[in-house]
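In this note's numbering, the protein residues as written are -16 to 374. Just so you know, even glycine gets a beta-carbon here, dropped at the ideal spot from N, CA and C. Some notes on the structure that comes next.
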Amino acid sequence: MRGVNPIRIRRRGARGQSGLRLWPVGSVLVLAFLAAIAVAGSVFYAGWDLLGVQGVKTERRLDSKTLFDLVKLSFGVVAGSGALVALIVAYRRQRVDEDGAMRDATRLHNERFATAVSQLGETSPAVRLGGVHALAGLADDAPTRALRQTCIDVLCAYLRLPYTPEGQLPDGDVAAQHEHLALREVRHTIIRLIRDHLRLDAGHPHSWQGHDLDFTGAVFDGKHVSFVGSAFSGGNISFADAVFATGGIDFGDCSFRGANVSFEGCTFATSPVSFAGATFSSGFISFDGATFASSSVNFGGTTFAGGSVSFLGAAFSGSAVGFLHSTFSGGRIDFEEASFSGGQLHFGYAHFEGTRVELTAHFTDCPVVFTDATFTDGNDLSQTIRGASAS
-16 MRGVNPIRIR RRGARGQSGL RLWPVGSVLV LAFLAAIAVA GSVFYAGWDL
34 LGVQGVKTER RLDSKTLFDL VKLSFGVVAG SGALVALIVA YRRQRVDEDG
84 AMRDATRLHN ERFATAVSQL GETSPAVRLG GVHALAGLAD DAPTRALRQT
134 CIDVLCAYLR LPYTPEGQLP DGDVAAQHEH LALREVRHTI IRLIRDHLRL
184 DAGHPHSWQG HDLDFTGAVF DGKHVSFVGS AFSGGNISFA DAVFATGGID
234 FGDCSFRGAN VSFEGCTFAT SPVSFAGATF SSGFISFDGA TFASSSVNFG
284 GTTFAGGSVS FLGAAFSGSA VGFLHSTFSG GRIDFEEASF SGGQLHFGYA
334 HFEGTRVELT AHFTDCPVVF TDATFTDGND LSQTIRGASA S
């Protein structure tokens, strides 16, 4: 059996904002003058060669015109040198001003960041909600990509904090119920803000596409969790070992392009689970070892156009798994060592062209249906699976 290829979040650690490093002005001036002399000499000799000059006519006496030209040349050299010095000094001043402005912006950001994070630790749900929105706003206004990533990391970390689903709360404890509902509202606000930022075009200044999102081990329950229309393009996205408990989860119409997305070891205990209309192109999406206990797993209308999607060792129990009207036109989708018990695996009306599909899974009381599926690459999967139906 092939080894699992885990996805790990690669941290883009914020590199220390070291002070502005400028060369000594004396060294810069010397190098600038040498460069100017080299350029002037190159231009002079290039003109000499183009004009076909054979030599220089020497004279023992200078007339007034030649002397005046020499004086003008001398003053021109002095003026050019002064202009060069002024240009270098102005450039250095601009660099220092820009660095100072960046330091001021970073200092202000850090002060606001500390305030927002402290709000997340308050007991009042309203204050925590304010902290969530403040952090999202800070991420939008962050002067550097690293500072934006830090804000996103804190929001994701809040979702990873220990959390007790509603079904495990003590019976009759009204205070615990109210506290749970308030906490759940804060968590779902974070999810909604992340989704809204992932829906923005990549060129939008407030888009969070391409950033890392770490939901490892997070619990999603209660309300219907929706990432509909989100674009996971670039970056590393981890839902590894996450639990989708109740309320349903919807990744419909999402775009997975060039990102490494991990659902490894994830538990889908809610229904429905939907990736309907999603697009998988380039990147790597892993459902390795995931457990689907949902009655409905919908990949209908999904497009697989490059990249790799792996369900290695995934377990589907009593699930109606549908790839109806899906298009497989490149890349690889792997069900090696996956298990399907009960339910149904349906590829009805799907179109296969150029995608390598590994269906070496274990099927127990789970029919595999290929109704009106088309295979244009000569690899008719309906003929390779025992008990498959192509009617």
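Pull up the distance between the alpha-carbon of residue i and that of residue j, whole angstroms please.
i	j	result
residue 187	residue 117	19 Å
residue 282	residue 310	10 Å
residue 65	residue 84	28 Å
residue 374	residue 331	Any answer about residue 374 is weak, because its pLDDT of 45 lies below 50 and its placement is not dependable; what the coordinates show is given next. Those two C-alpha atoms are separated by around 9 Å.
residue 355	residue 256	24 Å
residue 292	residue 196	19 Å
residue 285	residue 267	16 Å
residue 264	residue 290	5 Å
residue 101	residue 93	12 Å
residue 229	residue 125	35 Å
residue 147	residue 165	13 Å
residue 204	residue 359	42 Å
residue 139	residue 198	6 Å
residue 91	residue 173	23 Å
residue 127	residue 181	18 Å
residue 175	residue 348	39 Å
residue 157	residue 304	39 Å
residue 269	residue 171	24 Å
residue 79	residue 71	12 Å
residue 77	residue 89	18 Å
residue 67	residue 81	21 Å
residue 272	residue 248	5 Å
residue 375	residue 237	Past the boundaries of the shown model lies residue 375; the chain is included only from -16 to 374, so the question cannot be answered.
residue 258	residue 123	28 Å
residue 319	residue 276	19 Å
residue 328	residue 307	10 Å
residue 351	residue 220	31 Å
residue 287	residue 106	45 Å
residue 97	residue 222	27 Å
residue 193	residue 14	41 Å
residue 207	residue 99	27 Å
residue 160	residue 108	14 Å
residue 144	residue 104	12 Å
residue -8	residue 129	Residue confidence is low: residue -8 scores 41 on pLDDT, short of 50, so the model does not pin down where it sits. Its coordinate-derived value is still stated next. Those two C-alpha atoms are separated by around 15 Å.
residue 317	residue 154	44 Å
residue 113	residue 353	51 Å
residue 75	residue 294	56 Å
residue 25	residue 18	10 Å
residue 254	residue 189	32 Å
residue 183	residue 177	10 Å
residue 63	residue 87	36 Å
residue 334	residue 357	5 Å
Rounded to the nearest angstrom, how far is the Cβ of residue i from that of residue j, given a contact under 8 Å?
i	j	result
residue 312	residue 336	5 Å
residue 215	residue 233	14 Å between Cβ atoms; not a contact.
residue 343	residue 315	13 Å between Cβ atoms; not a contact.
residue 111	residue 169	5 Å
residue 201	residue 225	5 Å
residue 227	residue 250	7 Å
residue 260	residue 235	5 Å
Which one or two residues does DSSP pair with residue i in a beta bridge?
i	result
residue 232	208, 256
residue 347	324
residue 219	243
residue 305	281, 329
residue 227	203, 251
residue 334	310, 357
residue 123	None, per the DSSP bridge assignment.
residue 214	238
residue 340	316
Legend entry - beta strand (DSSP E) segments (min. 3 residues) lying fully within the region 235 to 301: 238 to 240, 243 to 245, 262 to 264, 267 to 269, 279 to 281, 291 to 293, 298 to 300
Inset, instruction - Would you check if there are 3 or more beta carbon pairs closer than 8 Å linking the region 311 to 324 to the region 291 to 303? - result: yes
Inset, instruction - Mind listing, in chain order, the continuous alpha helix (DSSP H) runs of no fewer than 4 residues lying wholly within the region 156 to 210? - result: 157 to 182
Inset, instruction - Count the CB pairs spanning the region 134 to 142 and the region 105 to 119 that are closer than 8 Å, and state whether there are at least three. - result: yes
Inset, instruction - Determine, using beta-carbon pairs with one atom in the region 214 to 229 and one in the region 239 to 252, whether at least three such pairs fall under 8 Å. - result: yes
Legend entry - Contiguous alpha helix (DSSP H) assignments of at least 4 residues, all confined to the region 57 to 86: none
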